[in-house]
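One structure is given below, encoded as structure tokens.
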Amino acid sequence: MMRKFRYLLPLLFLGFTANAQSDTLQAFNQQQADTLKTGMLVLGGWAILNILVGGFKLTKATRSRKFYFQMNLYWNIVNLIIAGAALYGIISGDPATQSLMQSLKLHVWYKKILYLNVGLDVAYIILGAYLKERSVTSAKTEQMLGWGQAVVLQGVFLFLLDLVLVVLLEFSADRLFSLVPQT
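Numbered by mature numbering (1 follows the signal peptide of the UniProt record, and there is no 0), the letters in the sequence shown go through residues -20 to -1, 1 to 163 in order.
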């Protein structure tokens, strides 16, 4: 009778291995979702802070500061929409139900988006510096200076946020890739 069950032992071991891999995959997916959720909460908090402070200061500001707070207000309305949409997508997904292939595709997609954002952030900083420089010779000196300062500030913040997120995703990638079966 024991001989019959002896052949089932390897199957039982494979079941435990698959379950352990599934638990590790679920833990990775949850950690990645938590990292991105935290990033979007930081972005949303930054946006709300800029909207509230900028909106209040805009009513009292003059000259280039008026344009600075104006640009921060507009910029952070967009940031708030992006953070809200991203949070909705992250929260509405269930990391526990993702297969290894789905997790790999999603991880690579997140990293592509973040690398693209890092490049855009550098472009924002350059654009802001250009606007500040252009303010020296422009008829709209105050507007160019205020907008330039705001775009540099927002670009630096977004650069730091996106860089931290991409480093965290890159740092955790080995855990995900170790789950891929070697042939």
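Note that CB positions come from ideal geometry on N, CA and C, so glycine has one too.
This one's a predicted model, so the numbers in the text were calculated from it and none came from an experiment.
Asked                                                                                                                                         : Found
Which class does Phe151 belong to by DSSP, given the choice of helix, strand or coil?                                                         : helix
Would you kindly work out how many angstroms separate the C-alpha atoms of Asn9 and Met20, rounded to a whole number?                         : 16 Å
Going by other Cβ atoms of all chains shown within 10 Å of its Cβ, with 16 needed for buried, is Met(-19) buried or exposed?                  : Residue confidence is low: Met(-19) scores 46 on pLDDT, short of 50, so the model does not pin down where it sits. Its coordinate-derived value is still stated next. It counts as exposed.
Hey, could you find the ends of the alpha helix (DSSP H) Gly73 is sitting in?                                                                 : That residue, Gly73, is in no alpha helix (DSSP H); it is neither H nor E in DSSP.
Which first and last residues belong to the alpha helix (DSSP H) in which Met103 is found?                                                    : In the sequence under discussion, the amino acid at residue 103 is Ala, which differs from the Met named in the question. Residues Leu80 to Arg114.
Check whether the region 136 to 151 and the region 65 to 80 touch, using three or more Cβ-Cβ pairs below 8 Å as the test.                     : no
Excluding the 5 residues flanking Gln63 on each side, which residues of the same chain have their C-beta closer than 8 Å to its C-beta?       : Just to set this straight, residue 63 is Ala in the shown sequence, not Gln. Excluding residues within five positions, the ones whose Cβ falls inside 8 Å are Met20, Leu21, Leu23, Gly24 and Ala27.
Give the C-beta separation of Leu53 and Leu29 to the nearest angstrom, bearing in mind that I take them to be a contact with Cβ-Cβ under 8 Å. : Their Cβ separation, rounded to whole angstroms, is 12 Å, which puts Leu53 and Leu29 out of contact at 8 Å.
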